[in-house]
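Residue numbers (the numbering used here): 179 to 475.
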């Protein structure tokens with residue numbers, strides 16, 4: 179079955195165009211699945227796998243203390259694999275057809291208020307090259323909702339300030355065009371014209387938009403350290419993650435009446451159900467406001 183797994187991974191890369199981390203998750207889950215089938219169930223042929231085998235595999239994972247979210251991911255991996263085997267005529271049946279995914283509790287993403295966003299954006303000093311860079315990064319993240327991984331991969335050629343948009347390559351190597359607001363455009367313009375040149379390595383050129391103190395492309399870990407430092411200076415006590423500005427971008431758009439489909443497009447979500455989590459955030463916040471201010475709440 180190892181050859182079938184290789185064919186499936188090749189299919190995910192070439193035909194599905196999934197992100198590298200997603201493919202690694204599929205591969206890791208299915209290697210664990212194959213190992214269980216071979217050692218515990220003594221099964222080495224796809225046609226011999228039954229629904230009971232899959233249920234026992236999931237039961238073993240549950241006994242190991244795996245979370246419902248992890249179990250759901252394993253179910254998705256196994257299901258996709260068996261669907262592929264049936265479609266490619268590697269197997270004559272799909273034993274995963276009636277396997278149900280465990281219910282997972284969706285945690286609402288943490289977001290900043292508009293006031294907290296303003297406080298955070300006011301912290302970087304625009305009198306230094308690092309401050310200009312940090313200001314540009316924060317304004318860009320809040321203006322577009324792009325992922326931090328997408329932010330650090332931006333090149334100079336991806337930014338079109340005159341036209342007012344950026345070109346972003348997201349998950350699965352999918353391209354999207356996202357509009358920029360005036361404040362973000364101005365911040366990026368100031369960084370490129372006044373700050374980036376001082377950060378650039380004079381011995382070699384790079385197309386990277388955001389640079390670290392060595393003149394190299396800024397890393398995700400580097401950005402995370404910058405964000406934590408700025409949040410501390412802004413006296414923001416909420417737990418921040420590199421995704422916080424993305425969550426805040428989406429929530430604030432919906433709170434102000436933006437169309438859910440438009441937000442989905444800008445975020446680069448393949449499925450609108452992923453975007454709908456932000457409608458739950460806005461409802462939760464409305465409830466908090468009601469409880470705080472209504473005299474009979």
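Glycine residues also receive a C-beta, built at the ideal position from the N, C-alpha and C atoms.
| said: Tell me the rounded alpha-carbon separation between residue 397 and residue 216. | reply: Within the chain shown, numbered from 1, the residue matching residue 397 stands at position 219. Within the chain shown, numbered from 1, the residue matching residue 216 stands at position 38. Taking the straight line from one Cα to the other gives about 41 angstroms.
| field | For residue 268, the three-state DSSP class (helix, strand or coil) | value | Within the chain shown, numbered from 1, the residue matching residue 268 stands at position 90. In the structure shown, residue 268 sits in coil (DSSP, three-state: anything other than H, G, I, E or B).
| request: Could you have a look at residue 191 and say whether DSSP puts it in helix, strand or coil? | output: Start at 1 with the first residue of the chain shown, and residue 191 comes out as number 13. Helix, per DSSP.
| task | With DSSP collapsed to three states, give me the class of residue 418. | result | The residue labelled residue 418 in the question sits at position 240 within the chain shown. Three-state result, residue 418: coil.
| field | Reference residue 341; option with closest CA among 199, 360, 302 | value | What you label residue 341 is simply residue 163 of the chain shown in a count that begins at 1. Checking every option, the nearest Cα to that of residue 341 belongs to 360.
| query | Which stretch, first to last residue, makes up the alpha helix (DSSP H) that contains residue 210? | reply | Position 32 of the chain shown holds residue 210. Where residue 210 is concerned, the enclosing alpha helix (DSSP H) stretches over 198-217.
| task | Tell me whether residue 365 is buried or exposed, calling it buried when 16 or more other Cβ atoms sit within 10 Å of its Cβ. | result | Position 187 of the chain shown holds residue 365. That one is buried.
| message | Just list the residues that DSSP pairs residue 222 with in beta bridges. | response | For the purposes of this step, residue 222 is identified with residue 44 of the chain shown, where counting begins at 1. Per DSSP, none; premise fails for residue 222.
| message | If you reduce the DSSP assignment to three classes, tell me which class residue 302 lands in. | response | Walking along the chain shown from the start, residue 302 turns up at place 124. Coil at residue 302, not helix or strand.
| Closest residue to residue 225 among 400, 354, 380, 273 (Cα-Cα distance) | Residue numbering aside, residue 225 sits at position 47 when the chain shown is read from its first letter. Per the Cα distances, 273.
| said: Quick check: the Cα distance between residue 406 and residue 203, rounded to an integer number of angstroms? | reply: The count along the chain shown starts at 1 and reaches residue 406 at position 228. The count along the chain shown starts at 1 and reaches residue 203 at position 25. Residue 406 and residue 203: Cα-Cα distance of roughly 28 angstroms.
| message | Please return the same chain residues whose Cβ sits closer than 8 angstroms to the Cβ of residue 207, not counting the five positions on each side in sequence. | response | Position 29 of the chain shown holds residue 207. Cβ within range, chain order: 251, 252, 255, 256.
| query | Among 370, 351, 435, which one has its Cα closest to the Cα of residue 199? | reply | Numbered from its first residue, the chain shown carries residue 199 at position 21. Of the residues 370, 351, 435, the one whose Cα lies closest to the Cα of residue 199 is 351.
| request: Quickly, what does DSSP pair residue 395 with across the bridge? List them, please. | output: As a first step, residue 395 is located in the chain shown; it is residue number 217 there, counting from the start. According to DSSP, which records beta bridges pairwise, residue 395 is partnered with 389.
| message | By the three-class DSSP mapping on this structure, what secondary structure does residue 330 have? | response | If you number the chain shown from 1, residue 330 lands on position 152. Three-state DSSP puts residue 330 in a helix.
| field | Nearest neighbour of residue 322, chosen from 427, 454, 416, 192 [CA to CA] | value | As a first step, residue 322 must be located in the chain shown, where it is residue number 144. Closest option to residue 322, Cα to Cα, is 427.
| query | Got a sec? Which residues, its chain only, sit under 6 angstroms from residue 228 by beta carbon, not counting five neighbours each side? | reply | Within the chain shown, numbered from 1, the residue matching residue 228 stands at position 50. Apart from the 5 residues on each side of it in sequence, residue 228 sits with its Cβ closer than 6 angstroms to the Cβ of 273 in its chain, given in chain order.
| message | What does the alpha-carbon distance come out to for the pair residue 249 and residue 381? | response | Walking along the chain shown from the start, residue 249 turns up at place 71. Walking along the chain shown from the start, residue 381 turns up at place 203. Distance between the alpha carbons of residue 249 and residue 381: 50 angstroms.
| task | Leaving aside the five residues before and after residue 170 along the sequence, list all residues of the same chain whose C-beta is less than 6 angstroms from its C-beta, in chain order. | result | The structure shown does not extend to residue 170, since the chain spans only 179 to 475, so no value can be given for it.
| query | Are residue 301 and residue 190 close, meaning C-beta to C-beta below 7 angstroms? | reply | Residue numbering aside, residue 301 sits at position 123 when the chain shown is read from its first letter. Residue numbering aside, residue 190 sits at position 12 when the chain shown is read from its first letter. With respect to residue 190, residue 301 sits apart: the two C-beta atoms are not nearer than 7 angstroms.
| Own chain residues within Cβ distance below 6 angstroms of residue 299, not counting five before or after | Position 121 of the chain shown, counting from 1, holds the residue named residue 299. Contacts found: 316.
| field | Exposure label - residue 450; buried when at least 16 CB within 10 Å | value | Position 272 of the chain shown holds residue 450. Answer is exposed; the Cβ neighbour count stays below 16.
| Counted within 10 angstroms of its Cβ, other Cβ atoms place residue 446 as buried (16 or more) or exposed | Here residue 446 refers to the residue found at position 268 when the chain shown is read from its first residue. With 16 or more other CB atoms across the displayed protein chains lying within 10 angstroms of its CB, residue 446 is buried.
| request: Go through the segment 306-356 residue by residue and report every complete run of the alpha helix (DSSP H) that reaches 4 residues or more, in order. | output: Runs found: 307-322, 326-330.
| With distances taken between CB atoms, is the gap from residue 279 to residue 376 smaller than 7 angstroms? | Here residue 279 is taken as the residue at index 101 of the chain shown, counted from 1. Here residue 376 is taken as the residue at index 198 of the chain shown, counted from 1. For residue 279 and residue 376, no; Cβs fall outside 7 angstroms.
| task | For the alpha helix (DSSP H) holding residue 365, just list the boundary residues, first then last. | result | Position 187 of the chain shown, counting from 1, holds the residue named residue 365. Taken as a continuous stretch (DSSP letters only), the alpha helix (DSSP H) holding residue 365 covers 360-368.
| Buried or exposed: residue 222, going by 16 or more other Cβ atoms within 10 Å of its Cβ? | One-based indexing of the chain shown puts residue 222 at position 44. Taking all protein chains shown into account, residue 222 has fewer than 16 neighbouring C-beta atoms within 10 Å of its C-beta and is therefore exposed.
| query | What span of residues does the alpha helix (DSSP H) with residue 442 cover, start to end? | reply | Residue 442 sits at position 264 when you count from the first residue of the chain shown. Residue 442 -> alpha helix (DSSP H) spans 438-445.
| query | Distance, Cα to Cα, residue 425 vs residue 285? | reply | What you label residue 425 is simply residue 247 of the chain shown in a count that begins at 1. What you label residue 285 is simply residue 107 of the chain shown in a count that begins at 1. Inter-residue distance for residue 425 and residue 285 is about 12 angstroms (C-alpha atoms, whole angstroms).
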